[in-house]
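Engineer:
There are 2 protein chains.
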Amino acid sequence: MNIPEISLPRVVILGGGFAGLNLAKNIDTEHYQVVMLDRHNYHTFQPLLYQVATAGLEPDSIAYPLRKTFANKKRFHFRMAEIQEVNEEQKIVRTSIGDLRYDHLVMATGARSNYFGMKNVEANAMPMKSLTQSLDLRSMILQNFEKALYAQDVAEQKRLMTFVIVGGGPTGVELAGALAELKLHVLPTDYPDLDLRDMEIHLIEAAPSLLAAMSKQASQKALKFLEGMGVNLWVDTLVKDYDGKTVTTADREIPAETLIWAAGVMGAPVEGIQAEKIGAGNRIIVDENCQVKDSQDIWAMGDVALMQTEKYNRGLPMLGSVAMQQGSYLAKNFNRLAKGKNLKPFKYKDKGTMATIGRNRAVVDLPFWKFSGTMAWFAWMFVHLMLLVGFRNRVVTFINWAWGYLNYDRSNRLIVRNFRRKKGEVLDKVHF
Amino acid sequence: MNIPEISLPRVVILGGGFAGLNLAKNIDTEHYQVVMLDRHNYHTFQPLLYQVATAGLEPDSIAYPLRKTFANKKRFHFRMAEIQEVNEEQKIVRTSIGDLRYDHLVMATGARSNYFGMKNVEANAMPMKSLTQSLDLRSMILQNFEKALYAQDVAEQKRLMTFVIVGGGPTGVELAGALAELKLHVLPTDYPDLDLRDMEIHLIEAAPSLLAAMSKQASQKALKFLEGMGVNLWVDTLVKDYDGKTVTTADREIPAETLIWAAGVMGAPVEGIQAEKIGAGNRIIVDENCQVKDSQDIWAMGDVALMQTEKYNRGLPMLGSVAMQQGSYLAKNFNRLAKGKNLKPFKYKDKGTMATIGRNRAVVDLPFWKFSGTMAWFAWMFVHLMLLVGFRNRVVTFINWAWGYLNYDRSNRLIVRNFRRKKGEVLDKVHF
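Chains A and B supply the protein sequences, listed in that same order.
Using the UniProt record's numbering, the first residue of the first sequence is number 1, and each one after it goes up by one.
Using the UniProt record's numbering, the first residue of the second sequence is number 1, and each one after it goes up by one.
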């Protein structure tokens, strides 16, 4: 890989997500040469992927070119590459475009879907972890309706129009709400030849309540909102199998062309990290400085890092806000290191969580205040607009939301990918 | 195909381009049942495809869902389908989703790239006739720069950074200008590790001048603009071969990873139309009423129709404005027919032509006034904004243009498709 060799120590960052982005932004390249590797040339704002999948936003407004973010940063190099393996002894990262030497290696490779060993589900469910997967999902949802128009019989038609979402966390709840709004406001006029009463949205959750990580109040409100929007809710329910045609739970079968998997994620560590360094949830065990256990100059942060604290004895949650904070934190520590100062331990500041269900329907848990409804919804929109990278993206997203709000519309109903899964193809490994 | 049989005559429109769209909008469905077929579920605003290819606009802002346009039109049915064949005797269209009976058939299937029989060029060039092709081109351009970073030698690096555009019509000129602006304003900061002086843009045109269909003044101005922006111009030059690595003309070879074909289009008639009804440029011969020669109840309009007039003895030009006018015209004629009135012949009203080369650089030919420069550029933007379908698309496009103007930026530099052409794959036949 053509990276100039200079006299400064080289920090290699694997991944341009929230953690990697914040680290690269804040690290002082007077003291370090920084190389960032990512399989995409853009940063994805994952919390809004579900809006791309449901035609509410265009993909370009929730992604931001990584090269642009760092256009004026000296001694920073970005390379689009697939990461293959880390060799700790040689201090080398092997990638699809060659080897790269490092002085410090920071793993910020995030998470991928966890199917808990259910191969059938993995082979037939749609994940929604990347921009391209969201686009595939958007195409698939719309293609199903096109197909329903010439279905052989009513049962087949119903199956095409049935969407099962597994996982009652924020992603599942938000997706179920967005699908319900498509059903209420958009699809009836788009498909006058179909009876939209045949469209079913099911949300299946293994735990006894939705939004388990949020307050009881938020959880109950989300349930009420979704019920009011016509979503079929199945809590305390485990998915056992999915063959691409029928979803099987302990006590029933739901014929459905689409199963969207939002039930679990696990860390996505790089090959070459020893098994004993990987803990619960397939995450890399780090100390309070984000340093990997028994490793030299290897760091991990964000979803892929397992940092246990007194309060979070199963590790800090896999949230964007943890990743952002760890990215900025590690940058400061690197800057301290360069000046010969001591490392400071990471302290997670819980800023609260929120989820949106539909127009005027959201839930917000702040450390000392919990609320829901219209105000929560506006708070959700404001926070997400501010978190988006790039002014243009904010403006375009704002317009799309304002437009959708005034017109009960979702404008981006384009089928630009012809989604066809090859039999047994595992989509988590497909990046484009 | 599940289309209800009612007592009104059925008009089947093949294609949702400018012509099909305007026909369907203006035809009176009190008198007709209308079915529109298109392989995409959206209308594409083709004049701005080059901006998608050069990262200036997101795909979603130049496309518009066809179902949305006709959401409130009664007795109108849209079906997403691949058209396979017309059977004039049985009055049936065969498609990928079944057969469809028609009373009137309107062919508005547009044009596709014409490689003048050069199989090698067809197998290796990039066309830019659809939204998905533009996205492929955007990905390919950016991927080439990513690859150039780890090229084996300088020659290979240069080849990856060389873009040859064949065809000096509006598409070729606009594309060359947009690439030149990427080179000037965007790529140097995106790729500090590359020497952008190695990026070459070649525009090859067989005729002695650019923009041959426009005035001499416009043609000369465009040439001057492009030269000033560093584009290598080759007029009076024929491309003879392209093997994917080297472009061969009569007197030189240009090593280039990318050849973009904007040199010619031909009609894309449906299978089943008899050979004697197809004239110059592979277009279907129609009379002054858009009726197909010696056919019963078959009509053609837009690029696929060859309508010869006194002034245009080689047929009306393949322009969006002809297609739009013919669409509205044919709707009026159908409405007249329904009321037992006579058909009126089509009269083309030349409203002028324009092309943009770069910021503050455009050329406009109006029937009685020709101008260029900043004012022409603003006129071009205004006209194209107004022609875009959908208010949201206009606003989003306006913001992108305003943003690009103020910041010398092209925001949509995302590689969302992994473009890899299979050996010999002909891209005109790939729709997604």
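All residues carry an ideal CB built from backbone N, CA and C; glycine is no exception.
From residue 186(B) to residue 188(A), what does the alpha carbon distance come to, in whole angstroms?
Structural biologist: As a working note, residue 186(B) is residue 186 in the second sequence. As a working note, residue 188(A) is residue 188 in the first sequence. Roughly 43 Å separates the two Cα atoms.
Engineer: How would you call residue 408(B), buried or exposed, if buried means at least 16 neighbouring beta carbons within 10 angstroms?
Structural biologist: Walking along the second sequence from the start, residue 408(B) turns up at place 408. It counts as exposed.
Engineer: Since residue 411(B) meets chain A, which of its residues come closer than 7 Å, beta carbon to beta carbon?
Structural biologist: Locating residue 411(B) in the second sequence gives position 411, counting from the first residue. The answer, in chain order, is 392.
Engineer: Using the beta-carbon count (16 or more within 10 Å), is residue 406(A) buried or exposed?
Structural biologist: The residue you call residue 406(A) lines up with position 406 of the first sequence. That one is exposed.
Engineer: First and last residue of the alpha helix (DSSP H) that includes residue 22(A)?
Structural biologist: Here residue 22(A) is taken as the residue at index 22 of the first sequence, counted from 1. For residue 22(A), the enclosing alpha helix (DSSP H) starts and ends at 18–26.
Engineer: Please report the Cβ distance between residue 400(B) and residue 243(B), rounded to the nearest whole angstrom; I am assuming they are in contact, meaning their Cβ atoms lie under 8 Å.
Structural biologist: Position 400 of the second sequence holds residue 400(B). Position 243 of the second sequence holds residue 243(B). With a Cβ gap of about 37 Å, residue 400(B) and residue 243(B) do not count as contacting.
Engineer: If the cut is a Cβ gap below 9 Å, which residues of chain A does residue 189(B) touch?
Structural biologist: Locating residue 189(B) in the second sequence gives position 189, where the first residue counts as 1. Per Cβ cutoff of 9 Å: 67, 68, 71, 72.
Engineer: Pick out whichever of 48(A), 113(A), 52(A), 76(A) has its Cα sitting closest to the Cα of residue 4(A).
Structural biologist: By one-based count along the first sequence, residue 4(A) stands at place 4. Cα-wise, what sits closest to residue 4(A) is 76(A).
Engineer: I want to see whether chain B comes within less than 7 Å of residue 60(A), judged by CB atoms only; does it?
Structural biologist: Residue numbering aside, residue 60(A) sits at position 60 when the first sequence is read from its first letter. So, interface residue.
Engineer: Counting only Cβ-Cβ distances shorter than 9 Å, please list the residues of the stretch 19–36 of chain A near chain B, keeping chain order.
Structural biologist: none
Engineer: Using a Cβ-Cβ cut-off of 7 Å (strictly less than) and excluding sequence neighbours within five positions of residue 217(B), which residues of its own chain qualify?
Structural biologist: By one-based count along the second sequence, residue 217(B) stands at place 217. Within the same chain, residue 217(B) has close Cβ partners 370.
Engineer: Let me check one thing: in DSSP terms, what residues is residue 261(B) bridge-paired to?
Structural biologist: Locating residue 261(B) in the second sequence gives position 261, where the first residue counts as 1. Beta-bridge pairing links residue 261(B) to 166(B).
Engineer: Please report the distance separating the alpha-carbon of residue 157(B) from that of residue 201(B).
Structural biologist: Sequence index remark: in the second sequence, residue 157(B) carries index 157 (1-based). Sequence index remark: in the second sequence, residue 201(B) carries index 201 (1-based). Distance between the alpha carbons of residue 157(B) and residue 201(B): 14 Å.
Engineer: So, residue 138(A) versus residue 55(A), is the Cβ gap smaller than 7 Å?
Structural biologist: For the purposes of this step, residue 138(A) is identified with residue 138 of the first sequence, where counting begins at 1. For the purposes of this step, residue 55(A) is identified with residue 55 of the first sequence, where counting begins at 1. Yes, the Cβ-Cβ distance between residue 138(A) and residue 55(A) is below 7 Å.
Engineer: Interface residues of chain A around residue 132(B) at Cβ under 7 Å?
Structural biologist: As a position in the second sequence, residue 132(B) is number 132, starting the count at 1. Going along chain A in sequence order, the residues near residue 132(B) (Cβ under 7 Å) are 416.
Engineer: Along chain B, in chain order, which residues have C-beta atoms closer than 8 Å to that of residue 5(A)?
Structural biologist: Locating residue 5(A) in the first sequence gives position 5, where the first residue counts as 1. Chain order gives no chain B residues near residue 5(A), where near means a beta carbon separation below 8 Å; the closest approach is about 13 Å.
Engineer: In this structure, how does DSSP classify residue 310(B) when only helix, strand and coil are distinguished?
Structural biologist: Walking along the second sequence from the start, residue 310(B) turns up at place 310. In this structure, residue 310(B) counts as coil in the three-state DSSP scheme.
Engineer: State the Cα-Cα distance for the pair residue 118(A) and residue 263(A), rounded to the nearest angstrom.
Structural biologist: The residue labelled residue 118(A) in the question sits at position 118 within the first sequence. The residue labelled residue 263(A) in the question sits at position 263 within the first sequence. About 12 Å.
Engineer: What's the C-alpha gap between residue 308(A) and residue 177(A)?
Structural biologist: Here residue 308(A) is taken as the residue at index 308 of the first sequence, counted from 1. Here residue 177(A) is taken as the residue at index 177 of the first sequence, counted from 1. In a straight line, the C-alpha of residue 308(A) is about 33 Å away from that of residue 177(A).
Engineer: Who are the Cβ neighbours of residue 85(A) in its own chain at under 8 Å, not counting the five residues just before and after it?
Structural biologist: For this step, residue 85(A) is matched to residue 85 along the first sequence. Taken in chain order, the residues that qualify are 93, 94, 270, 271, 272.
Engineer: According to DSSP, simplified to helix, strand and coil, what is residue 9(A)?
Structural biologist: Position 9 of the first sequence holds residue 9(A). Residue state, collapsed to three classes: coil.
Engineer: When every heavy atom of the ligand COA is checked, does at least one fall within less than 6 Å of the C-beta of residue 326(B)?
Structural biologist: As for the ligand COA, it is missing from this structure, which has no ligand bound.
Engineer: So, at 8 Å on beta carbons, what are the nonlocal neighbours of residue 13(B) in its own chain, with the 5 sequence-adjacent residues on each side left out?
Structural biologist: Sequence index remark: in the second sequence, residue 13(B) carries index 13 (1-based). If we look at residue 13(B) and ignore the five residues flanking it on each side, its Cβ neighbours are 20, 23, 24, 34, 35, 36, 37, 106, 108.
Engineer: Using C-beta distances below 7 Å, list every residue in its chain close to residue 27(B), excluding the 5 sequence neighbours before and after it, in chain order.
Structural biologist: The residue you call residue 27(B) lines up with position 27 of the second sequence. Around residue 27(B): 11, 34, 331, 334, 335.
Engineer: Spatial neighbours of residue 365(A) within its chain, please: CB distance less than 6 Å, with the 5 preceding and 5 following residues excluded, ordered by chain position.
Structural biologist: Stepping through the first sequence from its first residue, residue 365(A) is reached at position 365. Only 214, 215, 218, 352, 353 meet the Cβ criterion.
Engineer: Does DSSP put residue 399(A) in a helix, in a strand, or in coil?
Structural biologist: Counted from its first residue, the first sequence places residue 399(A) at position 399. DSSP places residue 399(A) in the helix class (H, G or I) of the three-state scheme.
Engineer: When the Cα atoms are used, what is the spatial distance from residue 159(A) to residue 256(A)?
Structural biologist: Position 159 of the first sequence, counted from the first residue, corresponds to residue 159(A). Position 256 of the first sequence, counted from the first residue, corresponds to residue 256(A). In a straight line, the C-alpha of residue 159(A) is about 5 Å away from that of residue 256(A).
Engineer: Please determine, among 69(A), 226(A), 52(A), the residue with the shortest C-alpha to C-alpha distance to residue 16(A).
Structural biologist: Counting from one through the first sequence, the residue named residue 16(A) turns up at place 16. Per the Cα distances, 69(A).
Engineer: Hey, how far is the Cα of residue 413(B) from the Cα of residue 60(A)?
Structural biologist: In the second sequence, the residue the question calls residue 413(B) occupies position 413. In the first sequence, the residue the question calls residue 60(A) occupies position 60. Those two C-alpha atoms are separated by around 9 Å.
Engineer: Report the rounded CA-to-CA distance for residue 130(B) versus residue 301(B), giving the unit in angstroms.
Structural biologist: By one-based count along the second sequence, residue 130(B) stands at place 130. By one-based count along the second sequence, residue 301(B) stands at place 301. Each residue's alpha carbon lies about 19 Å from the other.
Engineer: Can you name the start and end residues of the beta strand (DSSP E) that residue 371(B) belongs to?
Structural biologist: Counted from its first residue, the second sequence places residue 371(B) at position 371. First-last of the beta strand (DSSP E) with residue 371(B): 369–372.
Engineer: In angstroms with no decimal places, state the Cα-to-Cα distance between residue 53(A) and residue 136(A).
Structural biologist: Here residue 53(A) corresponds to residue number 53 of the first sequence, with the count starting at 1. Here residue 136(A) corresponds to residue number 136 of the first sequence, with the count starting at 1. Whole-angstrom Cα-Cα distance: 8 Å.
Engineer: Determine the DSSP secondary structure at residue 253(A), reduced to helix, strand or coil.
Structural biologist: In the first sequence, the residue the question calls residue 253(A) occupies position 253. The DSSP-derived three-state label of residue 253(A) is strand.
Engineer: State buried or exposed for residue 205(A), treating a residue as buried only when at least 16 other CB atoms are found within 10 Å of its CB.
Structural biologist: Along the first sequence, one-based indexing puts residue 205(A) at 205. Classification of residue 205(A): buried, given that the 10 Å Cβ count is 16 or more.
Engineer: I need the DSSP call for residue 176(B), collapsed to helix, strand or coil.
Structural biologist: For the purposes of this step, residue 176(B) is identified with residue 176 of the second sequence, where counting begins at 1. Three-state result, residue 176(B): helix.
Engineer: Short check: CB of residue 258(A) to CB of residue 249(A), under 7 Å?
Structural biologist: By one-based count along the first sequence, residue 258(A) stands at place 258. By one-based count along the first sequence, residue 249(A) stands at place 249. No, these two residues do not count as a Cβ contact at 7 Å.
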